[in-house]
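S.K.: Dumping the structure here so I can ask a few things about it.
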Amino acid sequence: MANKRDSTNQKRARENRARREALEVRTKGAPARPSRVAPKTVEKLARTADNKASGADAKANNSGGKAGKNASGKPRRERPPKPGDHPVDIATLEGSWISRMMQVPGGTQVLFAGVMAIVATGLMSFSKLFVAAEDSGKKGAKATQTIFQAYSLKLAIPLLVVPLVVAALAVAFSFHPQRRRIWFAAALALGLVAASALQFYLFVAGFLAYGVYRAYKVEGPNESLLSLLRRRFGRPSVAAADDVEN
829 MANKRDSTNQ KRARENRARR EALEVRTKGA PARPSRVAPK TVEKLARTAD
879 NKASGADAKA NNSGGKAGKN ASGKPRRERP PKPGDHPVDI ATLEGSWISR
929 MMQVPGGTQV LFAGVMAIVA TGLMSFSKLF VAAEDSGKKG AKATQTIFQA
979 YSLKLAIPLL VVPLVVAALA VAFSFHPQRR RIWFAAALAL GLVAASALQF
1029 YLFVAGFLAY GVYRAYKVEG PNESLLSLLR RRFGRPSVAA ADDVEN
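The sequence shown maps to residues 829 to 1074 in my numbering.
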């Protein structure tokens, strides 16, 4: 019985030693054959270690190549500049009215606002958006009347025409030096109209506001209104007065 136990313990010791040596070969990647590991096992472990090392090198090279491309600033496929992405001199613009309009920062959005104003006017004219007067007090009453049925003709026409005129003026003043202030005022007026009764004009106000934002991002902040008034209506400076006298 003692001999069997000794042989069993020796066998387990040999197996444990072989496992430790195989683990050491895997971690170190050494191709040399340990003293108590079979040659085939050593070759297999060496091939496995080489494959892992080559895979790690390939990943490192790929990541390094990508990082090198990003860090080196090599030319990439960038979006070509669109009309309205750069500040322009209004006096030097060429082409048709629409092409010049699209070259102005924010002009494309304001042009869409003009088109949307026409569409909104048409929808407001024929859509049933108003609740009848006799059903206005009822809970959950549905809209069954158009603007011409809900209001008199003298009131319905101005409600439709005035927002359209405001949007048209915003588009017409797109080449004015103070166009951004005009666009903002038009967006504010149409926003109030949309909040009161005519909801479709909210899209028009949104396009105008986005045009103001685009122009601000491209052209920078506007000249303050106070300095503008001083420059236009203020007293001439002493140097200017001396030039006039001379």
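Note that the Cβ used here is the ideal one computed from N, Cα and C, for glycine as well.
(1) Looking at the structure shown, is Gln1006 part of a helix, part of a strand, or coil, going by DSSP?
(2) Candidates Arg840, Pro991, Ala1043, Arg1008: which alpha carbon is nearest Ala948's?
(3) Is Gln973 helix, strand or coil by DSSP?
(4) Look at the alpha carbon of Gln1027 and the alpha carbon of Val1021, and state the distance between them as a whole number of angstroms.
(5) Can you give the Cα-Cα distance for Pro859 and Asn837, rounded to whole angstroms?
(6) For Pro933, count the other beta carbons within 10 Å of its own beta carbon; 16 or more makes it buried, fewer makes it exposed. Which is it?
(7) Three or more C-beta pairs closer than 8 Å, one from the region 1033-1045 and one from the region 972-979: is that the case here?
(8) Measure the C-alpha to C-alpha separation of Phe1035 and Val916 and round it to an integer number of angstroms.
(9) Rounded to a whole number of angstroms, what is the C-alpha to C-alpha distance between Ala1037 and Ala984?
(10) Taking Cβ to Cβ, would you say Gly797 is nearer than 8 Å to Ala1033?
M.R.: So, from the listed chains and residues:
(1) Coil at Gln1006, not helix or strand.
(2) Restricting attention to Arg840, Pro991, Ala1043, Arg1008, the CA atom closest to the CA of Ala948 is found in Pro991.
(3) The three-state reading of DSSP puts Gln973 in strand, counting E and B together.
(4) Approximately 8 Å, taken between the alpha carbons.
(5) For Pro859, the predicted structure reports a pLDDT of 49, less than 50, and the residue's modelled location is therefore unreliable. A value from the coordinates is still provided. Cα to Cα, the separation comes out at about 30 Å.
(6) Around the beta carbon of Pro933, a 10 Å sphere encloses 16 or more other beta carbons of the protein chains shown; the residue is thus reported as buried.
(7) No: the two stretches stay apart, fewer than three of their Cβ pairs being nearer than 8 Å.
(8) Straight-line Cα distance between these residues: approximately 21 Å.
(9) Cα to Cα, Ala1037 sits roughly 26 Å from Ala984.
(10) This structure gives no information on residue 797, because the portion of the chain shown stretches from 829 to 1074.
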